[in-house]
Every structure is written in C-alpha cells, then in structure tokens.
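Chemist: Quick one: structure below, then a few questions.
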Amino acid sequence: MTESNEKPSLPATPSERPSLQAPGAMSGHVMKFYPASAFRDEEGGERDVHLLDYWRVIKKRRWIVLSVLLVIVTIVTIRMSQLPVIYEATGRIIINPQLPLRVTQEKETGTDLSSNDAQYLETQQNVLRSRELARRVIEALHLERHPEFADIATRVADPDRQRVLFIDRFLANLKVELVRNTRVVAVTYSAHDPQLAARAVNELFTQYGEYMLESRLDSTRKATEWLQEQLALLRDRAEKAQEELVRYSRENEIVQLSENQTITVERLADLNRRVIEAETDRIRAETLYRLSREGEVDALPPVLADPQVQALNARLA
3 MTESNEKPSL PATPSERPSL QAPGAMSGHV MKFYPASAFR DEEGGERDVH LLDYWRVIKK
63 RRWIVLSVLL VIVTIVTIRM SQLPVIYEAT GRIIINPQLP LRVTQEKETG TDLSSNDAQY
123 LETQQNVLRS RELARRVIEA LHLERHPEFA DIATRVADPD RQRVLFIDRF LANLKVELVR
183 NTRVVAVTYS AHDPQLAARA VNELFTQYGE YMLESRLDST RKATEWLQEQ LALLRDRAEK
243 AQEELVRYSR ENEIVQLSEN QTITVERLAD LNRRVIEAET DRIRAETLYR LSREGEVDAL
303 PPVLADPQVQ ALNARLA
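Taking the working numbering, the leading residue of the sequence shown gets 3, the next gets one more, and so forth.
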C-alpha cells in the first residue's frame, strides 16, 4: 500500500478567510457586506424605534428647532398685523304681525290669517335686505364719499354704474337673519370702520321704519279714495232718487206742487235724506270696523286727525 503524503487540511483562521471586495475597488480597501440578519435582534424581530429616540434628537438640536419656531411665529404675527381688522355691528328688531289694508265690500272668508305669518316674516327680511333700503342708507350716510366706497368712484365713471356697485358692496357686507322660533330679526353689518358698521345698522332701521310708514299711509290713502268714490256714488244716487220722486209725483198728481211745497213732499224729501245719511254712516262705520279688525289702528281717520299723530308723522316725513 502506498502511503498518502497529503496532510489533513485545517480550518482557515480569520486572517486567512477570503475577503469580499467589490469589483474595481482599490487593493487594500475592503468593502464589507453584512447580511440582513445582522440588523435583527435575537428573537428575529426588527428593533422598535421609540418616541424617546425622537425626543433625544430634538433635545440635541433644540436651539435649531426653537429658532425655526420663532421665525415662523414672527412671520405669522407680522402678516396678521398687516391684515385689516373687520368690525361687526349687530342690531335686532321685532317684526309685529301686520296685515295689508283692505277696504272692500267682499265678505270675509274666515281664512286663518296666521297661516301667512311665515310669508310675512320672510317678506320683511327681504325688505330689510332690499336694494331700495340700501340706496336710501347710502344716500343718507353719504357712503359714496366714505373711504370704503370711494374706490368705486375712481374706477367707474358712469354714475348709474357707480350706484349699482355702491348698493352691491353695501349688501355684500349686510347679513339679515331671523332668530329661530321668534319674531326677532338680527341685522349685522361688517366694515373696517366700527363707526360705519354701527351707523349703517341704525340708519337701516330708520329707513325701514319710514318705508313701512309710507306703505301704510299709501294703503290709507287708497282706502280714503275708495270711500270718497263710494260717497260720490251715493250723492249721485240721492240726486237721481230726488228727481225721480218729483217726476213721479207730478205724473201721478199725488200732490200739487207750488212755491211752498206741501207737507207730504217735505216729509218724503226728509225721509229720503235720512236714508242717504244712514247709508253713508253705515259705509263709514263698516270701513272703520274693517280697519280696526285688520290691526291698522294708525290708519283710522280719528287717529290720523289727532294732533300728536300728525306731529309724529311730520317728524318722520
């Protein structure tokens, strides 16, 4: 048997292990690669990153963080101070139930008038935000010369277009809301000038009161015209009745007419006159009754004839 000259190979020492070197790397510089398992704990799970680690980083760089926060706060504060301040003035008004003045000879149908209450409140809100009241407030306060409206005049030369833009801007800053489950309407006006905001709300209420008074006086005027027409018709009927009575008496020779009429003709004329007066009084009483039933107490002739009421109306005019 031949004896083998081969020696058993021994395990290589760490210095003898082949090193992993990237292709093209310079000799003498070894790039080591670590397996993914090297970043796992003994149980094989990935290490948790706790909030404490973040806190340590922030604490370590606290002056940088504080400096950044200070810069941000300073910039925001400067920007906020440069923004114009907007003030709001709010006023409240109670809308009492009112019915339009109607003086006719139509019979009442017995309709529940409270069913129209919601529509009436909505109508009054629309009146408060109407362009007509806005125009009156602008003219009363001369807002076309106010700094918040003056830029419109510089941009637009047409006067009609200016008025439209004035009203649009005024209504854009106006807010009218009905307080829930009440008859109270809240009116708010926004402006950069607090005095302007307050004056706008107060003047709007003033113009609203005058507008409603004008509407009621217009209804009273129409009722008076209707009453005068009815009285004129009654006078015509009375004159025709008187002529018919005289003609009938002559044709049938009921009485002999002379310069001094007989007692019978005088009594007939007196009775006819009383009938006409009674009918006139009835129409006048019915008119006053309808006015009082519809809540238009201010439209009653006795009220309108009162000196104090006339003085108040003159002050509002």
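Glycine included, each C-beta is placed from N, C-alpha and C at the ideal position.
Distance, Cα to Cα, Arg-165 vs Arg-137?
Modeler: Sequence index remark: in the sequence shown, residue 165 carries index 163 (1-based). Sequence index remark: in the sequence shown, residue 137 carries index 135 (1-based). Rounded to the nearest angstrom, the two C-alpha atoms are 8 Å apart.
Chemist: Identify whether Ile-97 lies in helix, strand or coil by the three-state DSSP scheme.
Modeler: Against the sequence shown, residue 97 aligns to sequence position 95. Correct three-state label for Ile-97: coil.
Chemist: If we ignore side chains and look at the alpha-carbon of each, how far apart do Asn-128 and Trp-65 end up?
Modeler: Taking the sequence shown and counting its residues from 1, one reaches residue 128 at position 126. Taking the sequence shown and counting its residues from 1, one reaches residue 65 at position 63. Spanning the two alpha carbons is a distance of roughly 59 Å.
Chemist: Just mark His-31 as buried or exposed, buried being the case when its beta carbon has 16 or more other beta carbons within 10 Å.
Modeler: Taking the sequence shown and counting its residues from 1, one reaches residue 31 at position 29. Only weak support exists for where His-31 lies, its pLDDT of 48 falling under 50; the value from the coordinates is given anyway. Per the 10 Å Cβ criterion, exposed.
Chemist: Considering only residues of the same chain and omitting the five flanking positions on each side of Pro-86, which have a CB-CB separation below 6 Å?
Modeler: Working through the sequence shown from its first residue, we reach residue 86 at position 84. His-194.
Chemist: Counting only the same chain and skipping the five closest in sequence on each side, list residues whose C-beta sits under 8 Å from that of Asn-274.
Modeler: For the purposes of this step, residue 274 is identified with residue 272 of the sequence shown, where counting begins at 1. Hits under 8 Å: Ala-240, Ala-243, Gln-244 and Leu-247.
Chemist: Tell me whether Val-248 sits in a helix, a strand or coil according to DSSP, three-state version.
Modeler: The sequence position of residue 248 within the sequence shown is 246, counting from 1. The answer is helix: DSSP assigns Val-248 an H, G or I state.
Chemist: If you draw a straight line from the C-alpha of Thr-156 to the C-alpha of Arg-223, how long is it?
Modeler: The residue labelled residue 156 in the question sits at position 154 within the sequence shown. The residue labelled residue 223 in the question sits at position 221 within the sequence shown. Using only the alpha carbons, I get a separation of about 44 Å.
Chemist: Is the segment 208-215 in contact with the segment 131-145, if contact means three or more CB pairs nearer than 8 Å?
Modeler: The segment 208-215, when compared against the segment 131-145, does touch it at the 8 Å Cβ threshold.
Chemist: Just to confirm before moving on: does the CB-CB distance between Pro-196 and Tyr-56 stay below 9 Å?
Modeler: If you number the sequence shown from 1, residue 196 lands on position 194. If you number the sequence shown from 1, residue 56 lands on position 54. No, Cβ-Cβ distance for Pro-196 and Tyr-56 is not below 9 Å.
Chemist: Specify the secondary structure class of Val-203 as computed by DSSP and reduced to three states.
Modeler: For this step, residue 203 is matched to residue 201 along the sequence shown. Val-203 falls in the helix class under three-state DSSP.
Chemist: Following the continuous beta strand (DSSP E) through Val-166, name the residue where it begins and the one where it ends.
Modeler: For the purposes of this step, residue 166 is taken as residue 164 along the sequence shown, with counting starting at 1. It is not in any beta strand (DSSP E) - Val-166 instead sits in the alpha helix (DSSP H) that spans 161-174.
Chemist: Can you check whether the CB of Ile-97 is closer than 9 Å to the CB of Gln-126?
Modeler: Counted from its first residue, the sequence shown places residue 126 at position 124. Counted from its first residue, the sequence shown places residue 97 at position 95. Yes.
Chemist: Apply the 10 Å Cβ neighbour rule to Leu-71 and answer buried if 16 or more other Cβ atoms are within range, or exposed otherwise.
Modeler: On the sequence shown, residue 71 is found 69 positions in, with the first residue counted as 1. Label assigned to Leu-71: exposed.
Chemist: Below 9 Å between beta carbons: does that hold for Leu-198 and Leu-145?
Modeler: Reading the sequence shown from its first residue, position 196 is the one you call residue 198. Reading the sequence shown from its first residue, position 143 is the one you call residue 145. Contact: yes.
Chemist: At the 9 Å Cβ level, is Asn-118 part of the contact set with chain D, yes or no?
Modeler: Absent from the structure is chain D; it holds one protein chain and no more.
Chemist: My understanding is that Thr-289 touches Leu-235, with C-beta atoms under 8 Å, so please give their C-beta distance in whole angstroms.
Modeler: Along the sequence shown, read from residue 1 onward, the residue named residue 289 stands at position 287. Along the sequence shown, read from residue 1 onward, the residue named residue 235 stands at position 233. Contact doesn't hold; Cβ gap of about 14 Å is too wide.
Chemist: Assuming contact is defined by CB atoms lying nearer than 9 Å, are Val-189 and Ile-80 in contact in what I supplied?
Modeler: Numbered from 1 along the sequence shown, position 187 holds the residue referred to as residue 189. Numbered from 1 along the sequence shown, position 78 holds the residue referred to as residue 80. No, the pair does not count as a contact, with Cβ atoms beyond the cut-off.
Chemist: Output yes or no for whether 9 Å exceeds the beta carbon distance between Gln-232 and Ile-285.
Modeler: As a first step, residue 232 must be located in the sequence shown, where it is residue number 230. As a first step, residue 285 must be located in the sequence shown, where it is residue number 283. Yes, Cβ-Cβ distance for Gln-232 and Ile-285 is below 9 Å.
Chemist: Under the DSSP definition of a beta bridge, which residues are partnered with Ser-217?
Modeler: The residue given as residue 217 occupies position 215 in the sequence shown. Paired residues: none, contrary to the question.
Chemist: Quick one: measure Cβ to Cβ for Arg-182 and Phe-151, integer angstroms, because I've assumed they're closer than 8 Å.
Modeler: The count along the sequence shown starts at 1 and reaches residue 182 at position 180. The count along the sequence shown starts at 1 and reaches residue 151 at position 149. Actually they are not in contact, since the Cβ atoms of Arg-182 and Phe-151 sit about 33 Å apart, beyond 8 Å.
Chemist: Please identify the residue among Asp-238, Lys-62, Lys-61 and Pro-161 whose C-alpha is closest to the C-alpha of Thr-282.
Modeler: Position 280 of the sequence shown, counted from the first residue, corresponds to residue 282. Nearest C-alpha to Thr-282: Asp-238.
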